[in-house]
Amino acid sequence: MSGDRPSPLVIERILRDRAGIWQQIVAEGDLNALTGRMLASSAIALACYGAVLGAFHSPLMALTSALKLPLLFLVTLAICLPTLYLFNLVFGARLSVRQSLALVMVAITVTSMLAVAFAPISLFFLITAPDYGFFKLLNVAILTLSALVGLRFLTGGMQVLNDHGLLAPEATRTPADAYAPVNVPAQAVPAAVPADPAPAAAPAAVPAAEPVAVPAGAAPAGAVPAGAVPAGSTSNGATATPPVPAQPSGQPAVAAFPPGMVPLGYGPVQRPWERPPVRRGEPTQRPASMTLLYIWILLFGFVGTQLAWTLRPFFGDPGQDFSFFRSIDGNFYAEILRTIANL
7 MSGDRPSPLV
17 IERILRDRAG
27 IWQQIVAEGD
37 LNALTGRMLA
47 SSAIALACYG
57 AVLGAFHSPL
67 MALTSALKLP
77 LLFLVTLAIC
87 LPTLYLFNLV
97 FGARLSVRQS
107 LALVMVAITV
117 TSMLAVAFAP
127 ISLFFLITAP
137 DYGFFKLLNV
147 AILTLSALVG
157 LRFLTGGMQV
167 LNDHGLLAPE
177 ATRTPADAYA
187 PVNVPAQAVP
197 AAVPADPAPA
207 AAPAAVPAAE
217 PVAVPAGAAP
227 AGAVPAGAVP
237 AGSTSNGATA
247 TPPVPAQPSG
257 QPAVAAFPPG
267 MVPLGYGPVQ
277 RPWERPPVRR
287 GEPTQRPASM
297 TLLYIWILLF
307 GFVGTQLAWT
317 LRPFFGDPGQ
327 DFSFFRSIDG
337 NFYAEILRTI
347 ANL
């Protein structure tokens, strides 16, 4: 949560402190209170917007639409939430029921609050241009736009849970693991020591050298003549690798490697600035749970539209009498196409 004073409106906290909401869902901290606040806010906002929809027909239709619109979203959630939760478990996710419910309630809260923000615009067209077909298409477009924004919040929250390893922990691997040191056993390294090494001889005592007078013009002892190559060096000036001394009996063998070579198992040497940038927590591939989420969103949309057609009317055709429900005939999509054609 942010360091600012918490807002009494849960939608303001969702929009201002989105990272804090996701962290609370990840940690499962006080999710019951958070979900209850989102449920109450969504129900009130959808009831207000439903009243605007039904006001096109009559005050009684406004009252019934205020009851049916929150019912539409909550019943759709009750139908589709078990599918989201169980399929996440099948694909290895570690989401709890409370976390799944809180995630979807964030999307519904954003959708409902954005819809009620459009309510004054819908009411304005209701007063100034009372055309039934236009009013119906206008509000369908408002609800569709609000739902798309809310579902974007849902995908963002699922991505945060994926980054924390709650969707597919076995598929998450950081690129830094590729540079982890590898322990190579001693017997895997070839040793440059004979099978039966001779015991090392004790070094002989070297008597202290007496100072020798050097005649004028003569080169000092140990100087290298011009054009000669010092011992232990190559012709191009590089220093040759000295031979590895034999180890005493019972000591581990020391491996000898040519210059520029490294032991087997350590791979090529990379300087720090030559390594690719490391992004902690980034998965190597998108888990199946994220793909399933997009399929679930389509399912949620189909169930919601069919349920809306079952619970109609929400607007109320001015040419018909008031009724709490209509007979189930046709479908939502055919009605929208027919309305567009009539316009």
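In terms of the numbering used here, the sequence shown has 214 at position 208, counting the first letter as 1, and numbering is strictly consecutive.
All C-beta atoms, glycine included, are put in the ideal place defined by N, C-alpha and C.
If you're wondering where the values come from, they're calculated on a predicted model, not measured in any experiment.
Residue range Val103 to Ala123 is occupied by the alpha helix (DSSP H) that includes Gln105. Contact check for Thr115 against Val32 fails: the beta carbons are separated by 8 Å or more. A distance below 8 Å separates the beta carbons of Arg318 and Arg332. Counting C-beta pairs closer than 8 Å gives three or more between the segment 28 to 46 and the segment 87 to 107, which meets the contact rule. In this structure, the straight-line span from the alpha carbon of Val166 to that of Gln30 is close to 11 Å.
Take Tyr91, set aside five residues on each side of it, and the residues of its chain with a beta-carbon closer than 8 Å to its own are Leu101, Val103 and Ser106, in chain order.
Contact between Leu304 and Phe97 is ruled out by a C-beta separation of about 17 Å, above the 8 Å threshold.
When DSSP states are grouped into helix, strand and coil, Asn337 belongs to the coil group.
DSSP places Pro88 within a helical segment (H, G or I) once states are collapsed to three. Distance from the Cα of Asn145 is smallest, within the candidate group Leu154, Asp23, Ile133 and Ile127, for Ile127. Taking C-beta atoms under 8 Å as the contact rule, Ile148 and Ala113 fail to qualify, at a distance of about 16 Å.
Cβ neighbours of Ala135 within its own chain (closer than 8 Å, five residues either side excluded): Phe141. An exposed status is given to Leu66, since fewer than 16 other beta-carbon atoms sit within 10 Å of its beta-carbon.
Here Ala135 carries a coil assignment [DSSP, helix/strand/coil].
Residue range Val16 to Arg22 is occupied by the alpha helix (DSSP H) that includes Glu18. When the beta-carbon positions are compared, Phe338 and Gln312 come within less than 8 Å of each other. Burial of Pro76 is indicated by the presence of at least 16 other C-beta atoms within 10 angstroms of its C-beta.
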